[in-house]
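Enquirer:
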Amino acid sequence: MANLDTALKDAMTIDGAIGAALVDYTSGMTLGVAGGTPEIDLSVAAAGNTDVVRAKMRTIEMLKLNDDIEDMLITLGGQYHIIRPLTGPNGKGLFLYLMLSKTRSNLALARHQLRTIEEQLEL
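Under the working numbering, the first residue of the sequence shown is numbered 1335, with each subsequent residue one higher.
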């Protein structure tokens, strides 16, 4: 089992990783951050994605789907942003957020690695 710091460090070893964060989507608060760039405030980017998660959660509820979000992908011109809600009992209301360079990453492998990190995360 990995703690938060270890999980974020592991996320930063994913090929093409720019930054990673753990976010509480109920409050918008960033609980931990690794990486980032001088141009990108990772805490602001991560907290801003709480609106995306909340909107999708509401949509699933309105549609009465008996399903959960595995992950969400936002594709920008030069980046991938992966949002992965935590599924463990202590992870309710939290998501992992990973920013990747599009040219330096393998999206399928990154999704797999982020899932593994999520499964090993102990809060």
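Built from N, CA and C at the ideal position, the CB exists for glycine as well.
(1) Is it true that the stretch 1437-1451 meets the stretch 1373-1390, where meeting means three or more beta-carbon pairs spaced less than 8 Å apart?
(2) For Gly1427, does the three-state DSSP call read helix, strand or coil?
(3) Would you list the residues sitting across from Thr1409 in a DSSP beta bridge?
(4) How about Leu1356 and Leu1407: do their beta carbons lie closer than 9 Å?
(5) Among Glu1456, Val1367 and Asp1385, which has the Cα closest to the Cα of Ile1352?
(6) When we look at the beta-carbon of Asn1383 and count the other beta-carbons within 10 Å, is it buried (16 or more) or exposed?
(7) Short of 8 Å in beta carbon distance, which residues of its chain neighbour Asn1424, apart from the five on each side in sequence? Order them along the chain.
(8) In the DSSP output, which residue or residues are listed as bridge partners for Gly1353?
(9) Figure out for me which residue from Met1346, Ser1439 and Asn1440 has the closest Cα to the Cα of Thr1371.
(10) Pick from Thr1437, Leu1428, Leu1365 and Arg1388: whose alpha carbon is nearest that of Tyr1414?
Expert: A quick look at the data gives this:
(1) No: the two stretches stay apart, fewer than three of their Cβ pairs being nearer than 8 Å.
(2) coil
(3) Tyr1414
(4) no
(5) For the options Glu1456, Val1367 and Asp1385, the alpha carbon positioned closest to that of Ile1352 is the one of Val1367.
(6) buried
(7) Glu1456 and Leu1457
(8) Bridge partners of Gly1353: Gly1369 and Met1433.
(9) Met1346
(10) For Tyr1414, the closest C-alpha among the options Thr1437, Leu1428, Leu1365 and Arg1388 is that of Thr1437.
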